[in-house]
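K.L.:
Mapping to full-length UniProt numbering: the sequence shown position 96 is 96, numbers consecutive. All residues carry an ideal CB built from backbone N, CA and C; glycine is no exception. None of the values given here were measured: they were computed from a predicted structure. Okay, here's the structure, questions in a sec.
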Amino acid sequence: MALRFLGVALPPNEPLWRALQRVYGIGRSTAVDLTHAIGGAPSLRVRELAPSHVAALYAAVEAGDPVQDARRVAERAAVDRLVRIGCYRGGRHTAQLPTRGQRTHTNAHTQKKMKRA
Numbered sequence: 001m002a003l004r005f006l007g008v009a010l011p012p013n014e015p016l017w018r019a020l021q022r023v024y025g026i027g028r029s030t031a032v033d034l035t036h037a038i039g040g041a042p043s044l045r046v047r048e049l050a051p052s053h054v055a056a057l058y059a060a061v062e063a064g065d066p067v068q069d070a071r072r073v074a075e076r077a078a079v080d081r082l083v084r085i086g087c088y089r090g091g092r093h094t095a096q097l098p099t100r101g102q103r104t105h106t107n108a109h110t111q112k113k114m115k116r117a
């Protein structure tokens, strides 16, 4: 049976570091760091986790950066702040165009299509 961790089902046969990447806000390096923090080997599988490992995993995640819904809320708040203060990047977000200086005359077709839909 899959382990539920922060609302995400972790497949039992996957290595822990790979399964943790299913949680929004946990990438490869963070997942490897978390695996080492609970004292697990890189080959540790989700099904091999003891309850003490799971408790340590929760504690390590809580001590780090926000994940899942808290991260989504923080990212949305950052974009809303840019829009509210009226800066260039906020305007690009409002217009649903690339915000980091990319060319839009011949590129950014996906972004423009999403705006149309």
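(1) Within the chosen definition, does the stretch 2-19 reach the stretch 31-39 through at least 3 CB pairs nearer than 8 Å?
(2) How do the stretch 40-53 and the stretch 65-83 stand: do at least 3 beta-carbon pairs fall below 8 Å, yes or no?
(3) Here's a check: name, in chain order, each residue in its chain whose Cβ is nearer than 7 Å to the Cβ of Arg89, leaving out the five neighbours to either side.
(4) In angstroms with no decimal places, state the Cα-to-Cα distance between residue 126 and His109.
(5) Is any heavy atom of the ligand MG found at a distance shorter than 7 Å from the C-beta of His93?
(6) For Leu82, which beta-bridge partners are listed by DSSP?
(7) Just how far apart, CA to CA, sit residue 121 and Lys112?
(8) Starting from Val23, trace the alpha helix (DSSP H) both ways and give me its first and last residue.
(9) Using 10 angstroms around the beta-carbon of Val106, count the other beta-carbons present and answer buried if the total reaches 16, otherwise exposed.
(10) Does the beta-carbon of Gly7 have 16 or more other beta-carbons within 10 angstroms, so that it is buried, or is it exposed?
P.N.:
Judging by the given coordinates:
(1) yes
(2) no
(3) Leu82, Thr99
(4) The question about residue 126 has no answer here: the residues shown for the chain are numbered 1 through 117.
(5) With respect to the ligand MG, the structure shown offers nothing to examine, as it has no ligands at all.
(6) Answer is none; Leu82 lacks a bridge partner.
(7) The question about residue 121 has no answer here: the residues shown for the chain are numbered 1 through 117.
(8) Unbroken run through Val23: none, as it is neither H nor E.
(9) Note that residue 106 corresponds to Thr in the displayed sequence, not to Val. Flag for Thr106 reads exposed.
(10) exposed
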